[in-house]
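*Asks:* One structure is given below, represented as structure tokens, and several questions about it will come after.
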Amino acid sequence: MENFTYHNPTRIHFGRGQIAKINRELPANARVLLLAGGGSIKANGVYEQVKKNLGARVTHEFWGVEANPDFDTLMRAVELARKETCDWVLAVGGGSVLDGAKLVAAAVHHEGDAWQILVTHGAAIKGPVLPIGAVLTLPATGSEANGNSVISRRATKEKLAFYHPQVFPKFSVLDPETTFSLPERQVANGIGDAFCHVIEQYLTFPADGQIQDRFAESVMRVLIDVAPRTMANPRDYDARANLVWAATWALNGSLSAGVPGDWATHTIGHELTALHGIDHARTLAIVLPSLMQVQREGKRAKLLQYAERVWDIKSGGEDARIDAAIEKTRAFYESIGIKTRLQDYQVDAGKTAAEVARRLEARGETAIGEREDITPAKVEEILKLAA
Ligand code: NZQ
Ligand code: ZN
Numbered sequence: 000m001e002n003f004t005y006h007n008p009t010r011i012h013f014g015r016g017q018i019a020k021i022n023r024e025l026p027a028n029a030r031v032l033l034l035a036g037g038g039s040i041k042a043n044g045v046y047e048q049v050k051k052n053l054g055a056r057v058t059h060e061f062w063g064v065e066a067n068p069d070f071d072t073l074m075r076a077v078e079l080a081r082k083e084t085c086d087w088v089l090a091v092g093g094g095s096v097l098d099g100a101k102l103v104a105a106a107v108h109h110e111g112d113a114w115q116i117l118v119t120h121g122a123a124i125k126g127p128v129l130p131i132g133a134v135l136t137l138p139a140t141g142s143e144a145n146g147n148s149v150i151s152r153r154a155t156k157e158k159l160a161f162y163h164p165q166v167f168p169k170f171s172v173l174d175p176e177t178t179f180s181l182p183e184r185q186v187a188n189g190i191g192d193a194f195c196h197v198i199e200q201y202l203t204f205p206a207d208g209q210i211q212d213r214f215a216e217s218v219m220r221v222l223i224d225v226a227p228r229t230m231a232n233p234r235d236y237d238a239r240a241n242l243v244w245a246a247t248w249a250l251n252g253s254l255s256a257g258v259p260g261d262w263a264t265h266t267i268g269h270e271l272t273a274l275h276g277i278d279h280a281r282t283l284a285i286v287l288p289s290l291m292q293v294q295r296e297g298k299r300a301k302l303l304q305y306a307e308r309v310w311d312i313k314s315g316g317e318d319a320r321i322d323a324a325i326e327k328t329r330a331f332y333e334s335i336g337i338k339t340r341l342q343d344y345q346v347d348a349g350k351t352a353a354e355v356a357r358r359l360e361a362r363g364e365t366a367i368g369e370r371e372d373i374t375p376a377k378v379e380e381i382l383k384l385a386a
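Here is the structure:
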């Protein structure tokens, strides 16, 4: 195991009725910027609960943070926060709203071009960052308990991520009932995203991180177990509660401590979203099975462990077991209604493969993956295989 420093500062309030806790978490004199998406929180009663618990606090609302939150939209929220001297950001919604809140919180006191926060992956953040609270309504990204944010810039067809320890939410409310209103497509996206988060931190090379490995395998097995239950019966509280908590665990920093990480599936996937607007989780489902195939030698030992411990594949030669595990992974995505081929999204694999490789090359992302051996040429190979 490698050395690591582990600290997760987010206080989680989990369960029914926990939105009431924001009244305790926010100072009575807080000047709150409430950030929200396109209106789902009005339709499902979450907004009403939040308003009630904000009480008399000065609150300014900013609506319209879109899925794959857009830089230009968020800069308008920054203007509002500056004008009204807000000193807290309360994100109410899915991962996009939470990620948006992180950029807003970091940009309010940032001098100069805030896009530099993305270009430098967070290193440009120098000034104070506003404290963030969150009410999460979509289990998927883990943004409720991590320091990551992924921001799109439609004007330039870019999608970049940043990390900063100061943008962990101070608190997050996770009430599974707030997710009952999710359309099937978003529930599936959440399951698919969370599963891939675990894979990115697990399916690398052995580092003898036994806690990390066994925890990762547990999270994957829970996702495999609850996926059909929560899709078939969206109001099954226990199934949904397990999905919500699994998605948080998939990306709250516990699984990655002291072990190598891959993240190439995400890096390539972000390009597919930037170019073709495909939902984040769906880009992962397209890239992941092909990436496992192309990287099977470097990942051999962990692929065999994954086959045995996650999918109970115990018989057959090594290559047959690896093939079966890759097939199980693809079938899992397909089973929740997520297509795994570029052609399913009317995308020309040859052209897109070349374009993504060119874009990564231009950004200097020429050695990605846990062994830094995924070159633009390999990215092209992976995407062609995903045709
Ligand atoms: O905008 P509203 O009206 O709220 O509707 C949203 C949106 O249309 C809707 N929704 C959310 N909660 C709902 C609901 N509809 C009904 N009932 C509810 N309870 O769902 C739609 C999608 O929401 P979004 O927030 O975009 O989804 P998700 O949570 O999957 O977030 C995706 C974004 O997170 C980034 C992705 O790249 C993408 O931009 N990621 C962030 C990560 C992180 N911060 O650590 C890691 C991930 O790998 C990921 O990259
Ligand atoms: Zn993801």
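First residue of the sequence shown? That's 0 in numbering that gives the first Met the number 0, and the numbers climb one at a time after it.
Just so you know, even glycine gets a beta-carbon here, dropped at the ideal spot from N, CA and C.
Quantities reported herein were computed from a predicted structural model and do not represent experimental measurements.
1. Within this structure, are the beta carbons of I337 and M230 separated by less than 8 Å?
2. State the DSSP-derived secondary structure class of D69, mapped to helix, strand or coil.
3. Whole angstroms is fine: what's the gap from P175's alpha carbon to G316's?
4. So, is F3 buried or exposed, given that buried needs 16 or more other C-beta atoms within 10 angstroms?
5. What are the start and end residues of the alpha helix (DSSP H) that includes L102?
6. Report yes if the C-beta of L271 is less than 7 Å from at least one heavy atom of the ligand ZN; otherwise report no.
7. Is the CB-CB distance between I21 and V45 below 8 Å?
8. Per DSSP, which one or two residues make a beta bridge with R30?
9. Pull up the distance between the alpha-carbon of Q115 and that of G363, whole angstroms please.
10. Name, in chain order, the residues that DSSP records as bridge partners for S253.
11. Once the 5 residues before and after E65 are set aside, which same chain residues still bring their CB inside 8 Å of it?
12. Short of 6 Å in beta carbon distance, which residues of its chain neighbour V225, apart from the five on each side in sequence? Order them along the chain.
13. My output table needs one value for H12: the three-state DSSP class, helix, strand or coil.
14. Return yes when the Cβ of P259 is within less than 8 Å of the Cβ of T203, no when it is not.
15. Roughly how many angstroms lie between the CA atoms of L382 and R152, to the nearest whole one?
16. Quick check for students: name the residue ranges of the alpha helix (DSSP H) that lie wholly in the stretch 228-300, counting only runs of 4 or more.
17. Please specify which runs of the alpha helix (DSSP H), each continuous and at least 4 residues long, are wholly inside the stretch 291-361, giving them in chain order.
*Replies:* Quick look at the numbers:
1. If you number the sequence shown from 1, residue 337 lands on position 338. If you number the sequence shown from 1, residue 230 lands on position 231. Contact annotation: I337 and M230 have beta-carbon atoms that are not nearer than 8 Å.
2. Here residue 69 refers to the residue found at position 70 when the sequence shown is read from its first residue. It is a strand residue.
3. In the sequence shown, the residue the question calls residue 175 occupies position 176. In the sequence shown, the residue the question calls residue 316 occupies position 317. Near 42 Å, if we compare the C-alpha coordinates of G316 and P175.
4. As a first step, residue 3 must be located in the sequence shown, where it is residue number 4. Label assigned to F3: exposed.
5. For the purposes of this step, residue 102 is taken as residue 103 along the sequence shown, with counting starting at 1. Per DSSP, L102 belongs to the alpha helix (DSSP H) from G94 to A106.
6. What you label residue 271 is simply residue 272 of the sequence shown in a count that begins at 1. Answer for L271: no, Cβ out of range of the ligand ZN.
7. Mapped onto the sequence shown, residue 21 falls at position 22. Mapped onto the sequence shown, residue 45 falls at position 46. For I21 and V45, no; Cβs fall outside 8 Å.
8. As a first step, residue 30 is located in the sequence shown; it is residue number 31 there, counting from the start. Per DSSP, V57.
9. Position 116 of the sequence shown holds residue 115. Position 364 of the sequence shown holds residue 363. In a straight line, the C-alpha of Q115 is about 16 Å away from that of G363.
10. Within the sequence shown, the letter at position 254 stands for residue 253. Partner(s): none; S253 has no beta bridge.
11. The residue labelled residue 65 in the question sits at position 66 within the sequence shown. Same-chain partners within the cutoff: G36, G37, T72 and S95.
12. Here residue 225 is taken as the residue at index 226 of the sequence shown, counted from 1. Taken in chain order, the residues that qualify are A238, N241 and L242.
13. On the sequence shown, residue 12 is found 13 positions in, with the first residue counted as 1. DSSP places H12 in strand when its eight states are reduced to three.
14. The count along the sequence shown starts at 1 and reaches residue 203 at position 204. The count along the sequence shown starts at 1 and reaches residue 259 at position 260. Contact: yes.
15. Locating residue 382 in the sequence shown gives position 383, where the first residue counts as 1. Locating residue 152 in the sequence shown gives position 153, where the first residue counts as 1. Answer to the nearest angstrom: the Cα atoms are 23 Å apart.
16. Taken in chain order, the complete alpha helix (DSSP H) segments of 4 residues or longer contained in the stretch 228-300 are 236-249, 263-275 and 279-293.
17. If only uninterrupted alpha helix (DSSP H) runs of at least 4 residues are considered, those enclosed by the stretch 291-361 are 299-310, 317-334 and 348-361.
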